[in-house]
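Novice: Below: one structure in C-alpha cells.
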Amino acid sequence: MNPWIIALAGTAAIALVNWYFFLAPKAVANAQTTAGGTQEVNIDVEGGYTPSQVRVKSGAPVRLVFHRKEKSPCSEELVISELGIRRFLKPFEKTIIEFTPTQPGSLPFTCGMNMLRGNIQVEG
Numbered sequence: 036m037n038p039w040i041i042a043l044a045g046t047a048a049i050a051l052v053n054w055y056f057f058l059a060p061k062a063v064a065n066a067q068t069t070a071g072g073t074q075e076v077n078i079d080v081e082g083g084y085t086p087s088q089v090r091v092k093s094g095a096p097v098r099l100v101f102h103r104k105e106k107s108p109c110s111e112e113l114v115i116s117e118l119g120i121r122r123f124l125k126p127f128e129k130t131i132i133e134f135t136p137t138q139p140g141s142l143p144f145t146c147g148m149n150m151l152r153g154n155i156q157v158e159g
C-alpha cells in the first residue's frame, strides 16, 4: 500500500478524534423544574453525555439522572470534582446525583478517565 495513503488516512483519523472530543457542537439542556421545586435533567451516557451542557439556577436543588446505555469501561464512573462527587454508573441503569448549587459558575463533569466531558452551568 502507498505510504502517502496511509499517512493521509492516519492524519484524517487524528483530526476526526480531535474534532469529536474538542470541537463538536454540544447539546445544551435547561433543567426542568418539578412540582416540588427541584431542577431535573436526564442525561444519556453512551460514548459521551447527551446533553453534555446543562443549565441550572443557583439556590434550588438539582437532580441529574444519568442513564448509562452501554458497558464501555470509560463511562463506568462519573466525577464532579468541584462537588466531591465520584459515582459508579451501572450499565443500563439510571443513577441519580443530587445537590444544591449555592453560587453561579461552571461545574465540569467527566468520566473517571477524563475523556468524556460535560458541564453544568449554574446561573444566578
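If you use this note's numbering, the sequence shown closes out at 159, no skipped numbers anywhere. Note that beta-carbon positions come from the ideal geometry of N, C-alpha and C, so glycine has one too. All values reported here derive from a predicted model rather than from experimental measurement.
What residue range does the beta strand (DSSP E) around N77 cover?
Specialist: Taken as a continuous stretch (DSSP letters only), the beta strand (DSSP E) holding N77 covers 74 to 80.
Novice: Our contact map puts R103 next to E158 with C-beta atoms below 8 angstroms; I'd like the distance itself, whole angstroms only.
Specialist: At roughly 27 angstroms, the Cβ-Cβ gap does not stay under 8 angstroms, so R103 and E158 are not in contact.
Novice: Which residues does DSSP pair with C146 in a beta bridge?
Specialist: In DSSP, C146 forms a bridge with L113.
Novice: Measuring straight from C-alpha to C-alpha, what distance separates K92 and W39?
Specialist: Roughly 53 angstroms between the two C-alpha positions.
Novice: Let me know the secondary structure DSSP gives L118 once reduced to three states.
Specialist: The answer is helix: DSSP assigns L118 an H, G or I state.
Novice: Give me, in chain order, the residues of the same chain whose beta-carbon lies closer than 6 angstroms to that of V97; leave out the 5 immediate sequence neighbours on both sides.
Specialist: Here the set comprises Q74, V91, F134.
Novice: Going by beta carbon distance, what residues of the same chain come within less than 6 angstroms of G140, once the five residues before and after it are set aside?
Specialist: For G140, where only same-chain residues beyond five positions count, the Cβ hits under 6 angstroms are V157.
Novice: Within its chain, find whatever has a CB closer than 7 angstroms to the CB of L118; leave out the 5 residues flanking it on each side and keep chain order.
Specialist: Cβ neighbours of L118 beyond the five flanking positions: F134, L142.
Novice: Quick check on S110: buried or exposed, where buried means 16 or more other Cβ atoms within 10 Å of its Cβ?
Specialist: Classification of S110: buried, given that the 10 Å Cβ count is 16 or more.
Novice: At the level of alpha carbons, what is the spacing between A66 and I78?
Specialist: About 11 angstroms.
Novice: When we look at the beta-carbon of I49 and count the other beta-carbons within 10 Å, is it buried (16 or more) or exposed?
Specialist: Answer is exposed; the Cβ neighbour count stays below 16.
Novice: Buried or exposed: where does P136 fall if 16 or more other Cβ atoms within 10 Å of its Cβ makes it buried?
Specialist: Its Cβ being crowded by 16 or more others within 10 Å, P136 is buried.
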